[in-house]
Amino acid sequence: MKASLALLAAVTLLGACERPAENRKAAPPPTLITVVRAEAGAIEVGELTLGTLEAVLDPKVGAEAAGRVVRMLADAGKAVKKGELLALIDPTDSALQGRADETEIRRIEALLAQQERLVERQVQLVARGFISSNAADDAKAQRDALRESLAAARVRREQSRRSEAKARVVAPFDGIVEARIAAQGDYVKVGDPLYRL
């Protein structure tokens, strides 16, 4: 019985040692758990990257004729199609040269026609024995020289036409104008860049 009494005294004493309720910490609230049924499906994995692309080639549209830029028709950001007019270089010098070449061609054609008639007369006179064959040969040489001069004048006319056409700067391919390098009123030489596409 002594043992029971001692055990009862010990339990009573231990119960008296318990802390008061106000000093105890409150238990954390229960965690909310959501349950979802698993379903099979595809998962897309992607990566978002920010950067700058730089072309290996730096396509610049340049002047193929020298002169003053009279019109710039495209600004940065504009989409252009192949063959679209981008700029116009003053074609006056090429146009004037073309007119001079046309005049020179007509002059040489007139001289050549006259020389052809002279050769015919010279050949007839040689056949009759009125003049030496040297005179006819000289007339033929003059005619041949005029023919060559006419061919050279026609080539110069084509060069003038080509130069006049090159005063029109067009887009070589479809693209977007990245930068406008020249401005209206600038004097450009052959090869000077006007735009970057």
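Its first residue numbered 550, the sequence shown is counted upward by one per residue in my numbering. Heads up, the beta-carbon is just placed ideally off N, CA and C, and yes, glycines get one too. Small disclaimer: the values here were computed from a predicted structure and weren't measured.
| Query | Result |
| --- | --- |
| Burial state of Glu633, where buried means 16 or more other Cβ atoms lie within 10 Å | exposed |
| Buried or exposed by the 16-neighbour rule on C-beta atoms within 10 Å, applied to Tyr736 | exposed |
| Lys627 versus Asp723 - alpha carbon distance | 11 Å |
| Range of the contiguous beta strand (DSSP E) that encloses Gly590 | Gly590 -> no beta strand (DSSP E), and no H or E assigned at all. |
| For Leu661 and Leu699, believed in contact at Cβ under 8 Å, the rounded distance | 6 Å |
| Backbone CA spacing between Arg638 and Arg670 [nearest angstrom] | Note on residue identity: the sequence assigns Ile, not Arg, to residue 638. If I take the Cα positions, the gap works out to 51 Å. |
| Per-residue burial, Leu743 [other beta carbons within 10 Å of its own, 16 or more giving buried] | buried |
| Pair within 8 Å by beta-carbon distance, Pro721 and Val610 | yes |
| 8 Å Cβ cutoff met for Glu727 and Ala625 | yes |
| In chain order, each beta strand (DSSP E) run of at least 3 residues that lies wholly inside the segment 640 to 677 | none |
| Classification of Ser682 by the beta-carbon crowding that lies within 10 angstroms, buried from 16 upward | exposed |
| Proximity winner among Glu665, Thr652, Glu613 and Thr601, relative to Ala694 (alpha-carbon distances) | Glu665 |
| For Pro620, the residue or residues it bridges with in DSSP | The question names Pro, yet the displayed sequence has Arg at residue 620. For Arg620, which the question treats as bridged, DSSP gives the partners Leu637. |
| Straight-line Cα distance separating Lys631 from Arg706 | 27 Å |
| Nearest residue (CA-CA) to Arg710, options Pro579, Pro640 and Met621 | Pro640 |
| Local conformation of Leu743 per DSSP, three classes | strand |
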